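Residue numbers (our numbering), protein chains in the order written: chain A, 1 to 380; chain B, 381 to 1237.
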């Protein structure tokens, strides 16, 4: 690309979006003259202007239709991720509903962890994956035996598993110390024995202890139940079931710029509302793409924007976006009409009839499209 | 002519009536539960009082003198003997009681802090709504409650509890509604804004009813049954109960009856008033008819899908509409709709008589309502409507003059809106031009089936006839089929050739050669009259015939479905085949280029022509399938059988290895999953291989042509017919359950063999064994179930989305804002482009650049 072309193109950065300028750059033959470049630009601007949305266009409804209509074509099934039976992925309609509801706890929380270039090798990724996977005490135990006479609980450990995780029985005992107050812990080579401190008590307590220590996290990050190192293109990354974005981003190996979680609320609390909006867009787009449907990104953006416009995340439910509407009648026409009318009466609310449904209700033109302009013909 | 006064409602205020306002707005005080006297005439002071409006023909309203349907009706009132709590305000009253002092009525917040909290509350109220504000007050007051003392008068505060549904207790002692009301009265005016109430317009004691408003009779009309018996509305029943108990309570109080009896009656009154407002309160038994049917009272009338709001206010009924079964007619244009003549006679279009069309419109009146094309009514300049009959015809013809309006029958070329439910997107309702046809069904071009999602297995569709010039022009400009060719969802074309139209063009452009006469005959049948562009040869090939339809300055380069180049130079199809990739819906690359270059209406005609061409080709050439088409040679069958046998063998080997424990598990999988996976893999491979052998052997036949051209079906279906049907799977796995540890009782328990887990080794031609058929039915039913479960779910999602987003619009400054002018996006979609005006969501920069450079040359 010639410098002078670039200069001319740069002058239009106010008028045309950057990606279009980039494309002009790409398609412009390098032999073209300055006059030609200007002609091209004016032609592109003409095309751009004609393709612009008209004022009054009900873009919201168009987006809702564009996402709602293919909803009938999506599946209800969940799938397994890349050959790992335990890792399920919610896709299709259930996932879309989950996102738009802005549900606090999602069915299959997942993360994609990218590593810094210095760690981009099979071994490093494997090691990292093993490190973050939260391993519970119960996974190390091979056998529990309750000694009723001596009031003892003996845990036989899986030695190979210990070696795999580079952990000794002592480390293990240390990690469960907090949860086993009131017991003396004796560590032998491959077993851990719990004994009552002092007075012998009911056997039930030992039994409870067994259930308690089983779920103690020994290693890794909280919430990450499965890890799966994969290679995508040239990059190695770790897919996880369960999320813990905050702690993962703290790790030195992690490429902070690309690591994401699919839990909108988690991303919101860690990275803020703009990041959460992007996650909504990405996740919805991923589902729609995986179902082989074709929905333009702009529609998804608009939904994401209306969910995030208040600075926090609101679901598309009667408690979320719909409750924000200024009009009483618009709210009442959605769900729980009596509640809205009663509250409006108490508060002495006034409905200024600025949106669509109210005007439909009272037989007036809606302020959208051709109902918007107030045109008066001047008669001679 | 009556002068119309047009008024626009600019706002609607909500509020609560004071008892005084209720009385002032009323026309009658209701004192007796009686409805009618012995003659059946409404009783004065009864619930059907003539001052409340009329519902009987012949009677006149005593207030405005209007007859039935003229008088809107008026409100009345009853004076309640004892106050009762309004059920819908129970929680509000509780919150107020809890946060105000029992003796001085002030809110339990020290005066010095009031201002600070006011600011917090206003913020909460604005951000989270009115109810959140009340919750916040509760939190604030709870802080001071710990002290148990009023910060204003130091009176000790009791603990107030609500015993659902409507009884209040203070320290376990019941507060009667009289006491509750007394407390609410004490609350000083200046404390009301803290609760978010508007002072001056609202008093909290109004929440406890002393006067009750009676809705007008027009709101609760009675129905006269065939037997002449009257059946009253549910609301009237309920009001009757209230009035009756109220009178008894009055009498008992006046007679000085014991307190117990009064209390009981009071409770009963409370119950009736409560169920009058809402008959679906969780803790109360709903009021019922004598037959046991639950009464539908005020709140139940408003809410839910068939309540007032969603059923009557947000959804309205319309005149000048029609509905019938649809059937296809490829010979009418894509923007036309065939309307049965019978319908055309009762759907009308109003046309105003002028000097110039007087004679033209007279003809319709002469024909009258029975003869098509006629007219049903005329409207006189004074607005009176006159029916045209044989008797009135002559008189009407006599007086018919300028400024009369003739409601004439539907004619060819009139504007109509055509719609099919569910109306999921805007292309579900498009504007068509009427074509009156014999028969009793609507006819539409099969090319527009896709936007409506219609088929002809008994679907019905609706037709609406716009009645005003504004409506017609809007429909014509914004909703005409041509203008909707590009989907706003993806920016791809949604209308295109389907089925036979694609097959025909595929065959034509691929291989057909015909004599010039035949070609001219064919082209004429699809509306071409100028044959000068057809090659002047004895024999013309299909490509040349197709090229006649193309515009002469059209250039196009693209790919067909199988990836070969398609090239059109100056309106000549030089190479390539026209198939789904270029003609079909939601792809139609060539169609899209035509649309961009020549505009909507040209594309619609063009589309109509090529569809007719395709169908014409097929009907001349013949296109059919027979059993012999799915025959394979014996060697091929043997080969396929061999492939399947080998796969089965492999499966058995895997099963043996599995049961002997020799199988190695795949990473992250259990042993059982591994064997399942590997069997599945082996069987699928066998099916594909079998299918390939079948496909190789299949001669050129109709099914294959359809699969290749993309008009219907695919190679898999053909393979299933000729070779092997293959593995049936449920949720990505082999069929595994049904009976205990087996799929069907035909098999042994824990049988993992292919046949026992849903592998169908037969093909559709040879026929399936009974158990194979069952497996096929299983997957078929699973698919059905999935659809049945999905439809309501996605329907609700759609409703929520559209409700949340319907107010968003692009403003004149390019921003996207909601109804309260809050900005949602600064530029729509980050670049301000309309998806339906782009190519798959992107501006075609390359084309613009090329055309600019070329233009220079």
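From the three backbone atoms N, C-alpha and C, an ideal C-beta is built for every residue, glycine too. Here the structure is a predicted model, which is why all the values come from computation and not from measurement.
Paired residues, beta bridge with residue i - DSSP
| i | result |
| --- | --- |
| residue 572 (chain B) | According to DSSP, residue 572 (chain B) bridges with nothing at all. |
| residue 812 (chain B) | B:796 |
| residue 196 (chain A) | A:183 |
| residue 232 (chain A) | A:235 |
| residue 135 (chain A) | A:219 |
| residue 842 (chain B) | B:703, B:799 |
| residue 864 (chain B) | Looking at the DSSP assignment, residue 864 (chain B) forms no beta bridge with any residue, so it has no partner. |
| residue 610 (chain B) | B:604 |
| residue 326 (chain B) | What the structure shows of chain B is the stretch from 381 to 1237, and residue 326 (chain B) is not part of that stretch, so it cannot be assessed. |
| residue 730 (chain B) | B:787 |
| residue 456 (chain B) | B:408, B:594 |
| residue 720 (chain B) | B:817 |
| residue 822 (chain B) | B:706 |
| residue 331 (chain B) | An answer regarding residue 331 (chain B) cannot be provided, because it is not within the stretch 381 to 1237 covered by chain B. |
| residue 947 (chain B) | B:937, B:955 |
| residue 144 (chain A) | A:155 |
| residue 428 (chain B) | None, per the DSSP bridge assignment. |
Residue closest to residue i, alpha-carbon to alpha-carbon, out of the options
| i | options | result |
| --- | --- | --- |
| residue 819 (chain B) | B:744, B:1140, B:994, B:706 | B:706 |
| residue 961 (chain B) | B:917, B:943, B:467 | B:943 |
| residue 131 (chain A) | A:280, A:240, A:190, A:205 | A:240 |
Anticipated Cβ contact below 8 angstroms, residue i with residue j, distance rounded
| i | j | result |
| --- | --- | --- |
| residue 296 (chain A) | residue 870 (chain B) | 6 angstroms |
| residue 940 (chain B) | residue 910 (chain B) | Wrong, their Cβ atoms sit about 28 angstroms apart, outside the cutoff. |
| residue 836 (chain B) | residue 710 (chain B) | At roughly 12 angstroms, the Cβ-Cβ gap does not stay under 8 angstroms, so residue 836 (chain B) and residue 710 (chain B) are not in contact. |
| residue 832 (chain B) | residue 808 (chain B) | 6 angstroms |
| residue 804 (chain B) | residue 1178 (chain B) | 7 angstroms |
| residue 1036 (chain B) | residue 75 (chain A) | About 35 angstroms; that fails the 8 angstroms criterion. |
| residue 56 (chain A) | residue 1189 (chain B) | 6 angstroms |
| residue 97 (chain A) | residue 287 (chain A) | In fact, because the Cβ distance is near 10 angstroms, the residues do not count as touching under 8 angstroms. |
Residue i Cβ short of 7 angstroms to the ligand MG heavy atom set
| i | result |
| --- | --- |
| residue 370 (chain A) | Although the ligand MG was asked about, the structure shown includes no ligands whatsoever. |
Exposure label - residue i; buried when at least 16 CB within 10 Å
| i | result |
| --- | --- |
| residue 1208 (chain B) | buried |
| residue 26 (chain A) | exposed |
| residue 1225 (chain B) | buried |
| residue 1237 (chain B) | For residue 1237 (chain B), the predicted structure reports a pLDDT of 44, less than 50, and the residue's modelled location is therefore unreliable. The matter cannot be settled from this model. |
| residue 555 (chain B) | buried |
| residue 643 (chain B) | exposed |
| residue 775 (chain B) | exposed |
| residue 15 (chain A) | exposed |
| residue 140 (chain A) | buried |
| residue 1017 (chain B) | buried |
C-alpha gap between residue i and residue j, whole angstroms
| i | j | result |
| --- | --- | --- |
| residue 516 (chain B) | residue 361 (chain A) | 34 angstroms |
| residue 303 (chain A) | residue 283 (chain A) | 12 angstroms |
| residue 381 (chain B) | residue 784 (chain B) | Low confidence applies here, because residue 381 (chain B) scores a pLDDT of 44, under 50, leaving its location unreliable and the question unanswered by this model. |
| residue 955 (chain B) | residue 1091 (chain B) | 20 angstroms |
| residue 547 (chain B) | residue 628 (chain B) | 22 angstroms |
| residue 301 (chain A) | residue 169 (chain A) | 52 angstroms |
| residue 743 (chain B) | residue 834 (chain B) | 38 angstroms |
| residue 10 (chain A) | residue 979 (chain B) | 33 angstroms |
| residue 969 (chain B) | residue 662 (chain B) | 60 angstroms |
| residue 585 (chain B) | residue 473 (chain B) | 9 angstroms |
| residue 626 (chain B) | residue 338 (chain A) | 26 angstroms |
| residue 790 (chain B) | residue 852 (chain B) | 14 angstroms |
| residue 334 (chain B) | residue 469 (chain B) | The question about residue 334 (chain B) has no answer, for chain B in this structure spans 381 to 1237. |
| residue 173 (chain A) | residue 195 (chain A) | 13 angstroms |
| residue 822 (chain B) | residue 984 (chain B) | 20 angstroms |
| residue 377 (chain A) | residue 794 (chain B) | 27 angstroms |
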